[in-house]
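Novice: Please read through the structure below; I'll follow up with questions.
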DNA sequence: TCCCACTTGGTTTTT
DNA sequence: CCAAGTGGGA
């Protein structure tokens, strides 16, 4: 009897095939972690591989921790010498040793998104970028995408030939990298990029790591991006013992640069690769699995596979709908309580999953009211709270004076009477002398332009220098407490009447306990290492698992986890799938969203509850969304309640009890748009915001009047959106048919949509189109034109029109609402 | 320089 | 809804 006897045939193959490249296609719940851990055990115990020659890479620290624990439990000794780590920590470890070869200091700092934004803002100001045209966010995400693809600023510039915007971005990218280098800082993406650069620039370094990591395993391979793949490829290039494990159906990080081709084309890169499919699911009941399979089947680009289970049918999937998100939260919370009463052993068996972090709020409130222990994964990161960032900025400044961002953050916190003007002057001096901001501070008395303000800078510098000298004999805890004491930071909070001052103080206390626990768990605690650990924690890493808390998290965070009871909340088109993906013209986006649904469903072992709220407040506006298309893709016999079937033209009394505000910019003039209230067109309103209000009821009424493209009304310009109040009234309106029910998009941003985007599933019957090729038509936005082509798509007609003014446009008939002339 | 009140713009998911 | 930005007054 060996530990391998419990594995099925495919799993055994995955464990025993240790030579050469291996692609393990592991469906949800098919025991891939088991295969990986047993494989490590096999390599060590049966194959005589030294533990330190094995590397296992995961995406989160939590996954790494779990893997380590499981390896420990099946192999007695040496397990701790297996390198189990995340991509980012791996790179940091390598870079801490060798990045000086790329001209950085080995004690570089790691910039988080906030720091990146600060840098970018500064650059935009200096380069006089019009941030109305090119937003900082856009710039940063362009740079991030470039890095994911290993495109350097120079490459970017070359690719930008002739493209004005791209060329501009290239310039910013270049400058951004220069600033980071000057500050001795790397952003998240750089960690990977620089490691690759290092390996390419220093073959001897690469080779030492190749010899070290003779057997490499990569978990969640479907989420790797091009840069990460290159890193792995380089490391594995000498011995080619590379085992990657993944599931193309669970690829949900395209927005982060994940390249699904990495998994789909693995066999092309490694022609000799062994491909093993794990298709038996050990996690979920038949019903859950059937539902998941039914949903994912709607994706076109995927490797074909058939997940099956020996588990019983299980209960049907619970589907519940509610009028409001409040009632939804109430139900979920009550249901959890009920399960506990009826014998569920701990709250930790339940997880509530949702699409966006914002959705946690209402659920949390209910859990608080009911007194049920819960934990929210993610949301506002502990380490991105203001007070924590301030404290860390002090530590960073003490650790690495070249980090200008950190220095500037704290130079006037608490207030020292050092204002923006002074900071600009110091920066100018620093630029002139080509030194860091902090070094400029040290020479403050040399800076002519700041005059008497120099006197205020000296104490700050002295303070930092003192901290540095104390670092010799201080523990980190002592240092932190000294910083708090000397700066008077907490004291200031205590004296302030700010209502969340108390929270902030508590957070600082929590930071201190984190420092203490860091010191306790590390042999040689040091400041740089602590800051680095802090920089690399993922939200999921931070959940303190006492096993008796309901977990609330996004679907993304839930990947890799499983629970006996899972709730998928907010299953509404516009929420999930998000309206971003619904309105996207890239069909791949909705597929990624569907994979997310697949991930969500397959988290459940036996009990899955799907909830829907007809009405939901999101971003300060009430939305009315139809049931998620993903729910509709689940065969009805798997659900325990039927989807509502609304008969068309079923008139009902509609009580309008709340008028909600919806504002949009009325430019460009004449633009058609969708809001949650239906389709509409902007009318002239001056250049100010106009207030647009309409109830669902009115929408129906007016579309019956046959206004093409909807109906328009502008309220008095002078009246601000918030102040308009209308009297509720009841109107008889037709209920929506399911088809009509679909094209609902959130308000706000959706105001900028031209009604043309492919939202429509509401296929018009061929006979209802009264125009054809050659006819003259009018479009609400583009004016008059001639129909040149009509093509029947799966859902709708695609109409090509050459407009007199706007040129050729291709649009869906249901949306274009063309009028024959 | 600081502080307040008010306006404005932005909103998915995350290592 | 919320965070960041603006502008006036102390």
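Numbering (this note's numbering), first residue to last: 17 to 837.
For every residue, glycine included, the Cβ atom is placed at its ideal position computed from N, Cα and C.
#1: Let me know the secondary structure DSSP gives residue 807 once reduced to three states.
#2: Our contact map puts residue 100 next to residue 72 with C-beta atoms below 8 Å; I'd like the distance itself, whole angstroms only.
#3: Taking buried to mean at least 16 other C-beta atoms within 10 Å of its own C-beta, is residue 593 buried or exposed?
#4: Cα separation between residue 383 and residue 350?
#5: Mapping DSSP to helix, strand and coil, what is residue 594?
#6: Determine contact between the region 297-309 and the region 612-631, defined as no fewer than three beta-carbon pairs at a distance below 8 Å.
#7: Report the start-end ranges of each beta strand (DSSP E) in the region 276-337 that is 3 residues or longer and not cut off at the edges.
#8: Would you check if the distance between the CB atom of residue 628 and the CB atom of residue 588 is smaller than 9 Å?
#9: Since residue 639 is in the beta strand (DSSP E), which residue starts that stretch and which ends it?
#10: Helix or strand or just coil, what does DSSP make of residue 178?
#11: Taking only runs of the beta strand (DSSP E) that begin and end inside the region 78-139, which ones reach a length of at least 3 residues, in chain order?
#12: Quick check: the Cα distance between residue 450 and residue 77, rounded to an integer number of angstroms?
#13: Hey, quick one: how far does the beta strand (DSSP E) through residue 580 stretch, first residue to last?
#14: On the CB-based measure, 16 or more other CB atoms within 10 Å of its CB, does residue 431 come out buried or exposed?
#15: With distances taken between CB atoms, is the gap from residue 654 to residue 211 smaller than 9 Å?
#16: Fully enclosed by the region 412-439, which alpha helix (DSSP H) runs are 4 residues long or longer?
#17: If you follow the beta strand (DSSP E) that residue 370 is part of, which residue opens it and which one closes it?
#18: Can residue 131 and residue 201 be called in contact, C-beta distance under 9 Å?
#19: Measuring only the C-alpha atoms, how far is residue 726 from residue 582?
#20: Quick check on residue 318: buried or exposed, where buried means 16 or more other Cβ atoms within 10 Å of its Cβ?
#21: By the 10 Å Cβ neighbour count, where 16 or more other Cβ atoms means buried, how is residue 412 classified, buried or exposed?
#22: Nearest CA to the CA of residue 641: which residue from 136, 500, 339 and 815?
#23: Within its chain, find whatever has a CB closer than 6 Å to the CB of residue 215; leave out the 5 residues flanking it on each side and keep chain order.
#24: What residues in its chain sit with their C-beta under 8 Å from that of residue 484, if we drop five residues either side in the sequence?
#25: Can you check whether the CB of residue 389 is closer than 9 Å to the CB of residue 522?
#26: Tell me the DSSP secondary structure of residue 621 in three-state form.
#27: Could you compute how far the alpha carbon of residue 607 sits from the alpha carbon of residue 336?
#28: Determine which residues share a DSSP beta bridge with residue 792 and list them.
#29: Taking the beta strand (DSSP E) that residue 262 falls in, what are its first and last residues?
#30: Cβ atoms of residue 253 and residue 296: under 9 Å apart, would you say?
#31: Would DSSP call residue 630 helix, strand or coil?
#32: I need the straight-line Cα distance from residue 332 to residue 584, nearest angstrom please.
#33: CA-CA distance, residue 785 and residue 792?
#34: Span of the alpha helix (DSSP H) holding residue 505?
#35: Verify whether the separation of the beta carbon atoms of residue 156 and residue 141 is less than 9 Å.
#36: With DSSP collapsed to three states, give me the class of residue 882.
Specialist: The short version:
#1: strand
#2: 5 Å
#3: buried
#4: In a straight line, the C-alpha of residue 383 is about 9 Å away from that of residue 350.
#5: strand
#6: yes
#7: 290-294
#8: yes
#9: 637-640
#10: If DSSP states are grouped into helix, strand and coil, residue 178 belongs with coil.
#11: Fully enclosed beta strand (DSSP E) runs of no fewer than 3 residues occupy 99-102 and 125-127 of the region 78-139, in order along the chain.
#12: 39 Å
#13: That run of the beta strand (DSSP E) goes 579-584.
#14: exposed
#15: no
#16: 420-426
#17: 366-370
#18: yes
#19: Model confidence at residue 726 stands at a pLDDT of 25, short of 50, so the residue's coordinates are unreliable and nothing is read from them.
#20: Answer is buried; the Cβ neighbour count reaches 16.
#21: buried
#22: 339
#23: Excluding sequence positions up to five before and after residue 215, its CB lies within less than 6 Å of the CB of 222 and 250, all in the same chain and listed in chain order.
#24: 414
#25: no
#26: strand
#27: 25 Å
#28: 802
#29: 258-262
#30: no
#31: Strand at residue 630.
#32: 14 Å
#33: 13 Å
#34: 505-511
#35: no
#36: Because the chain spans 17 through 837 in this model, residue 882 falls outside it and cannot be assessed.
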